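Residue numbers are given in numbering that gives the first Met the number 0: position 35 of the sequence shown equals residue 34, and the series is strictly consecutive.
The C-beta atom is built at its ideal place from N, Cα and C for all residues, glycine as well.
Quick caveat: nothing in here was measured; it's all calculated off a predicted structure.
For reference, the structure discussed in these notes is given below.
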Amino acid sequence: MELDRLIETFGLRPVLVDVGASGHPPVTWSAIARHSTYVGFDPDRRELRDEARGDFARYVLVNQSVSADTGDDDQTFYYTASPFCSSTLRPDGPALAQYLFADMFEVERTDGVPATTLNDVGRRFDLDAIHWLKLDTQGTDLRIFESLDDDLKRRVLAIDIEPGLIDAYVGEDKFTTVHERLTDAGFWLCAMNVLGSVRISRDAVRAAMRMDPLADPSMLERTAPRSPGWCEARYLRTSASLDDTNDARQDDVMLWIFSMLAGQYGFAIEMADRFERRGGADTEAELMLRLPIERLRRQDRCDGPLRRLTRRTGKPRQASPFVVREPCALPDS
């Protein structure tokens, strides 16, 4: 693929850091995995998978909690009924009791777990940059990003983050604060997927089942509207905030690649134009401008029937802005 050629031409070695690595690495990264270093963290090993090891140029799994505090050699960790809800923050039981998914946050045990910081791990594994940072720590995402040393922080080009909209954890970083701080730090919100749970207490569920035994939690989960509870948000660095970096050309190309993987083809065109104006090689500049336009034209052809249907029915097309239709949104060469 032309993407591979571009990565090899500029000698790019993306560093992809996955804090809260339960499950599999993000599918968005699969297109660049063989060129990349992957570093994953999660102290809860119940859903920590190792199948993707062979997909990456370098693959590191760290069975430690990530802390924002350099003084923490270990942290109290709350193991919840669902491993995807375990956290170093205590679940807020009274607030969660108003929601159907409260049982997932039931604390089964607490334990001290070894802790580290991203700065320490960067030194341990000789990482001079973190290019794409995925944070899913159940409440501490922002403070972990802000704890990065300036040299690492300025090289972050993309952030996937999952802040809360409700009080799921005591003292968690909420979306409103996260968004303000990240935009102030030179990032823009390129996608957001709002997720949630049915707002109903256990007492109300029991009342519903007294009226109709079929109105059980599984039926409510299937049919009742969900109330927003948290969001998956993706941020890309603005082109203006790249001006002070030492590796401007490589970062320009890397950010272009990330914008393509994120399906942000308009921003990819902006980055291609910036690269060309800053003296980028003609062949690479032409490629960087052509590929997002080709992708948009292909999408326009695919969307034509849907637009005609919309005009006939008057119903707008619904789609999640966070989901790119193809894991790698690049045409083959």
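Name the one or two DSSP bridge partners that residue i has.
| i | result |
| --- | --- |
| W229 | G163 and L194 |
| V252 | V252 is not bridged to any residue. |
| A157 | W131 and L235 |
| Y352 | The structure shown does not extend to residue 352, since the chain spans only 0 to 332, so no value can be given for it. |
| R182 | Inspection of the sequence shows that residue 182 is occupied by Thr rather than by Arg. Paired residue(s): none; T182 is not in a bridge. |
| T36 | V14 and R57 |
| S64 | A114 |
| T75 | G111 |
| L188 | Y234 |
| K173 | G163 |
By the 10 Å Cβ neighbour count, where 16 or more other Cβ atoms means buried, how is residue i classified, buried or exposed?
| i | result |
| --- | --- |
| T8 | exposed |
| T69 | exposed |
| I143 | buried |
| P93 | exposed |
| T79 | buried |
| S200 | exposed |
| L181 | buried |
| D17 | buried |
| E107 | exposed |
| A239 | exposed |
| S86 | buried |
| E283 | buried |
| R297 | exposed |
Under 7 Å between the Cβ atoms of residue i and residue j?
| i | j | result |
| --- | --- | --- |
| V38 | V65 | no |
| Q63 | T115 | yes |
| F83 | L95 | no |
| A343 | V197 | Nothing in the structure corresponds to residue 343, since the chain is present only between 0 and 332. |
| S35 | A56 | yes |
| D172 | D140 | yes |
| I158 | L132 | yes |
| Y155 | I129 | Note that residue 155 is Val in the sequence shown, not Tyr. Result yes, Cβ atoms of V155 and I129 sit closer than 7 Å. |
| L260 | D250 | no |
| D135 | E161 | yes |
| L219 | G138 | no |
| F274 | M287 | yes |
| P25 | F76 | no |
| C230 | V204 | no |
| W187 | T237 | yes |
| G195 | R225 | yes |
| A342 | D54 | Only positions 0 to 332 of the chain appear in the structure, and residue 342 is not among them; the question remains open. |
| L254 | M270 | yes |
| G185 | L151 | no |
| A232 | M191 | yes |
| V14 | F40 | no |
| S146 | A30 | no |
Assuming residue i contacts residue j (C-beta within less than 8 Å), just tell me the rounded distance between them.
| i | j | result |
| --- | --- | --- |
| V252 | L5 | 7 Å |
| C189 | L235 | 5 Å |
| I292 | I268 | 7 Å |
| G228 | A167 | 7 Å |
| P212 | L99 | Not confirmed; about 17 Å, so no contact. |
Restricting to runs no shorter than 3 residues, where is the beta strand (DSSP E) found entirely within the region 92–131?
Runs of the beta strand (DSSP E) inside the region 92–131: 106–115.
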